[in-house]
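Line by line, the protein sequences give chains A and B.
Residues in the first sequence are numbered from 1 upward in steps of one, following our numbering.
Residues in the second sequence are numbered from 133 upward in steps of one, following our numbering.
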Amino acid sequence: MAPVLLVTQDLRTEDDLVHMRAAVKMHASDLGFSSLNQTKIMTAASELGRNTIEHGLGGLVIIEHLREPERNGIRLTFKDEGPGIHDHALALSDGYTSKKGLGLGLSGSKRLMDEFDLISPPGTVITVVKWM
Amino acid sequence: MPKETAVPLHAIISDSRDDILKEWIKAQLDDTSRSQAVPDASIKASSTEFFKLFERAISNGNISDIDRSEWEEVRHMLSDLSASRATQGSTPSETARFIFSMKQPLFARLTKDKSGPDAGAAVWELSLLLDKLGLYTTETFQKTRESIIKRQQKEMMEMSTPVIKVWDGLLAVPLIGTLDSARTQIVMETLLQKIIDTGSKLAILDITGVPTVDTQTAQHLMKTVSATRLMGAECIISGIRPQIAQTIVHLGIDINDIVTKASMADAIKEALARGGWTFEKQAENN
Ligand SMILES: Nc1ncnc2c1ncn2[C@@H]1O[C@H](COP(=O)(O)OP(=O)(O)OP(=O)(O)O)[C@@H](O)[C@H]1O
Ligand SMILES: [Mg+2]
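What follows is the structure in structure tokens.
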């Protein structure tokens, strides 16, 4: 079955992140994710959303409900038209940061979610999925 | 040059002042979408006062440029009105209707007393004028609202990060909500100041009320812990829920050099033990 679009939202400011986290939490809990998985999804969303704002110069997030015969899932897509990520392996290595973060946002989100997909450049599109 | 119409606009308005005012006030009182935030008496008083200033302003013949000095009193009154209505809890559209509800009674006079091709033009001019005044009202309203919100945010931020003295030499900070940079700054400042004021050696940061701990929140917590150490005090982080603990591990954040406790109660016990306090329950004597 086709995915159901739940939310699309701009990501420009710290406030947008707060809204996005609330939306992610609400939908993840509606879909029936456990409290642990809700926290994981929210945390990954927080990381990727902040990257969109800090490194990607702003963009948007799309939240979708994936429906398959045997399972349900949530898919988050983060898009921006910023400078892009040129060396995927480097960006995804633990501790690599081009600013002064911990460099754990990308690799950490990958560990927190079930699927992780990065398309870049031009711009950056990151898609993550968590199955129930 | 301000445009002069055949029979001056202000003359027509002054001629039926009482009727216009009555109809205008009635329109406002009858408005079904009114929120009751503004009492009837105050609507009557401000309408009467406004109409007086409005009449005076248009009698100068300039009805197109409200930035000019002849409109100063009107602007002034509108600012005060919007500001007070914003604080009273009126809605922005309700406040704008104060001006827009003048249209009907005014236009009725223009089209009645001034038939002929000029009437349309006069209505148009007056309509533009009222739109400008309406817009001015909404903008002032908005500005007041924004400044109220800013103030409340700041108050909330300060209120929501109390530093509590639990025991001699022991402070506790229950954190509730998102720990963003601004918030961390306030927590850190108040905590460090309180450490100096009370000569405390230990502080407990409780994150039970923090919804997510991501890399940024973690960095902020670590920064606070390091700053506390520089002051010669130690920090314990408590209230790390199991979900959060697992998420931190998956993210790969290393918090091994931070002392953590599951609950605030555990943290207090640990802190008091370190301070050399021992407690025992008194035997019940009956
Ligand atoms: N949307 C993006 N556009 C461009 N570059 C990005 C984007 N997202 C990540 N990067 C690059 O990948 C690097 C690693 O990202 P990651 O989120 O892991 O660490 P970080 O954001 O630097 O620090 P933090 O641990 O606080 O998240 C970033 O420093 C940045 O150079
Ligand atoms: Mg990051």
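Backbone N, C-alpha and C fix where the C-beta goes; we use that ideal spot for every residue, glycine too.
Interface residues of chain A around residue i at Cβ under 9 Å?
i: B/Gly341; result: Simply none; closest approach about 14 Å.
i: B/Arg394; result: Just to set this straight, residue 394 of chain B is Ala in the shown sequence, not Arg. The premise fails here: B/Ala394 is roughly 16 Å from chain A at the closest Cβ pair, so nothing lies under 9 Å.
Any beta-carbon of chain B closer than 7 Å to the one on residue i?
i: A/Ile85; result: no
i: A/Glu81; result: no
i: A/Glu47; result: yes
i: A/Thr77; result: no
i: A/Thr39; result: yes
Say whether chain A places a C-beta atom closer than 7 Å to the C-beta of residue i.
i: B/Thr344; result: yes
i: B/Thr379; result: yes
i: B/Gln375; result: yes
i: B/Thr316; result: no
i: B/Thr356; result: no
i: B/Thr347; result: yes
i: B/Glu136; result: Confidence in B/Glu136 is poor, its pLDDT being 45 and thus under 50, which makes the residue's placement too unreliable to answer from.
Could you work out which residues of chain C lie near residue i, taking near to mean beta carbons separated by less than 9 Å?
i: B/Gly384; result: Of the chains in the structure shown, none is chain C; the protein chains are A and B.
Run down chain B in chain order and give the residues with a C-beta less than 7 Å from the C-beta of residue i.
i: A/Val18; result: Thr310
i: A/Glu14; result: Asp312
i: A/Ser35; result: Gln375
i: A/Arg50; result: Gln348
i: A/Arg67; result: In chain order: nothing, as chain B lies at least about 26 Å away.
If you follow the alpha helix (DSSP H) that residue i is in, where does it begin and where does it stop?
i: B/Glu204; result: 204 to 220
i: B/Ile318; result: 313 to 330
i: A/Ile85; result: That residue, A/Ile85, is in no alpha helix (DSSP H); it is neither H nor E in DSSP.
i: B/Asp151; result: 149 to 162
i: A/Leu106; result: 105 to 112
Would you give the residue range spanned by the beta strand (DSSP E) that residue i belongs to?
i: B/Phe411; result: Premise fails: B/Phe411 is in no beta strand (DSSP E) and is neither H nor E.
i: B/Lys297; result: 296 to 299
i: B/Leu185; result: Here B/Leu185 belongs to no beta strand (DSSP E); instead the alpha helix (DSSP H) covers 172 to 190.
i: A/Lys130; result: 124 to 131
i: A/Lys99; result: Per DSSP, A/Lys99 belongs to no beta strand (DSSP E) and is neither H nor E.
i: B/Ala304; result: 302 to 308
i: A/Leu135; result: For residue 135 of chain A there is no data in the structure shown, the boundaries of chain A being 1 and 132.
i: B/Thr392; result: 391 to 393
i: B/Ile198; result: Segment: none, B/Ile198 is in no beta strand (DSSP E) and carries neither H nor E.
i: A/Leu118; result: 115 to 119
Just to make sure I have the definition right: I need the residues of chain B whose C-beta is within less than 8 Å of the C-beta of residue i. Which are they?
i: A/Met42; result: Pro343, Thr344
i: A/Arg133; result: Any question about residue 133 of chain A goes unanswered here, given that chain A covers just 1 to 132.
Taking Cβ-Cβ distances shorter than 8 Å, what residues in chain A pair up with residue i?
i: B/Ala350; result: Leu102
Can we count residue i as close to ligand 4, meaning its CB is less than 6 Å from some heavy atom?
i: A/Asn51; result: Among the ligands modelled here, namely ligand 1 and ligand 2, ligand 4 does not occur.
Exercise for review: Please go through the region 27 to 80 of chain A and give each complete beta strand (DSSP E) segment of 3 or more residues, from N-terminal end onward.
Suggested key: 59 to 67, 72 to 80
Check your understanding: Which ranges would you report for the alpha helix (DSSP H) in the region 219 to 287 of chain B if only whole runs of at least 4 residues count?
Key -> 224 to 232, 235 to 245
Check your understanding: Which runs of the beta strand (DSSP E) spanning at least 3 residues fall entirely within the region 334 to 386 of chain B, listed in chain order?
Key -> 334 to 341, 366 to 370
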